[in-house]
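Heads up, the thing below is written out as structure tokens.
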Amino acid sequence: MPKPFSYWLPEWMQNTINTRTCSQCKNPYTKEDIIAIGVRSTDNGSLECSMYIEHECSSCGYRALTTFAQQKETSLEGMCCAILENIRRKKKTEKSRMLRKRKEGIMTEREVSQFLNSMQKFKTHEEFLKEIGMSLPKEKDNDTS
839 MPKPFSYWLP EWMQNTINTR TCSQCKNPYT KEDIIAIGVR STDNGSLECS
889 MYIEHECSSC GYRALTTFAQ QKETSLEGMC CAILENIRRK KKTEKSRMLR
939 KRKEGIMTER EVSQFLNSMQ KFKTHEEFLK EIGMSLPKEK DNDTS
């Protein structure tokens, strides 16, 4: 399942959204209200750019933009590199968590021997498949005469 936009944003951006309210109904925005992220040029010229997020009020549906002008970059490349670095860091953290979970799920010697003992009661692979509720694979007729 794809991650929401807010997952990839730096924490300081998410925190900024949590302090904003809808200008129409005064309902507070949450990071779940983010519907788009992007990069735009600033008023200081076409060489500077800053990130923005578009959010939609969950109460009234009003859409607004928040531009992060204080964190502007002098190039689009620099801004994109910062985003990609944040994504790389998050993926590395996720991978580390997955490896930790796998390590904690290692079978003990006792569990391995119990499994092997239970497997010995099956004479064929087909018996094992029937025991676990799998249907046997259908054999294809290879006779092409």
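Counting from 839, one number per residue, gives the positions in the sequence shown under this note's numbering.
Note that CB positions come from ideal geometry on N, CA and C, so glycine has one too.
Based on Cα-Cα distance, which residue from T931, L937, G899 and V950 lies nearest to S861?
Taking the first residue of the sequence shown as position 1, residue 861 is located at position 23. The shortest Cα separation from S861 among T931, L937, G899 and V950 belongs to G899.
My guess is that F906 and S888 are in contact by the Cβ rule of under 8 Å, so how many angstroms apart are they, rounded?
Here residue 906 corresponds to residue number 68 of the sequence shown, with the count starting at 1. Here residue 888 corresponds to residue number 50 of the sequence shown, with the count starting at 1. Going by Cβ atoms, the distance from F906 to S888 rounds to 5 Å, so yes, they are a contact pair.
Can you tell me whether M945 is helix, strand or coil according to DSSP?
Here residue 945 refers to the residue found at position 107 of the sequence shown. DSSP places M945 in coil when its eight states are reduced to three.
In the DSSP assignment, the alpha helix (DSSP H) including S879 goes from what residue to what residue?
Here residue 879 refers to the residue found at position 41 of the sequence shown. First-last for S879: I872 to T880, but that is the beta strand (DSSP E), not the alpha helix (DSSP H).
For L847, is the classification buried or exposed, using 16 other Cβ atoms within 10 angstroms of its Cβ as the cut-off for buried?
Counting from 1 along the sequence shown, the entry for residue 847 is found at position 9. Buried, because 16 or more other Cβ atoms sit within 10 Å of the Cβ of L847.
Assuming I873 contacts H893 under a Cβ cut-off of 8 Å, what Cβ separation, rounded to an integer in Å, is found between them?
The residue labelled residue 873 in the question sits at position 35 within the sequence shown. The residue labelled residue 893 in the question sits at position 55 within the sequence shown. Yes, they are in contact, since the Cβ atoms of I873 and H893 sit about 6 Å apart, within 8 Å.
Distance check for W850 and I925, CA to CA, integer angstroms please.
Residue mapping note: residue 925 aligns to position 87 of the sequence shown, counting from 1. Residue mapping note: residue 850 aligns to position 12 of the sequence shown, counting from 1. C-alpha separation (whole angstroms): 15 Å.
Beta strand (DSSP E) containing T857: first to last residue?
Within the sequence shown, the letter at position 19 stands for residue 857. From DSSP, T857 is part of no beta strand (DSSP E); its letter is neither H nor E.
Taking just the CA atoms, how far does I944 sit from R858?
As a first step, residue 858 must be located in the sequence shown, where it is residue number 20. As a first step, residue 944 must be located in the sequence shown, where it is residue number 106. Cα to Cα, R858 sits roughly 46 Å from I944.
Run through DSSP, which three-state label would M851 get?
Within the sequence shown, residue 851 is the residue found at index 13, counting from 1. It is helical.
Taking only runs of the alpha helix (DSSP H) that begin and end inside the stretch 891–934, which ones reach a length of at least 4 residues, in chain order?
Listed in chain order, nothing qualifies, since the stretch 891–934 has no complete alpha helix (DSSP H) run of 4 or more residues.
Please look up how many angstroms separate the CB atoms of I970 and T904, rounded, as I've assumed it's under 8 Å.
If you number the sequence shown from 1, residue 970 lands on position 132. If you number the sequence shown from 1, residue 904 lands on position 66. I970 to T904, Cβ: 53 Å. No contact.
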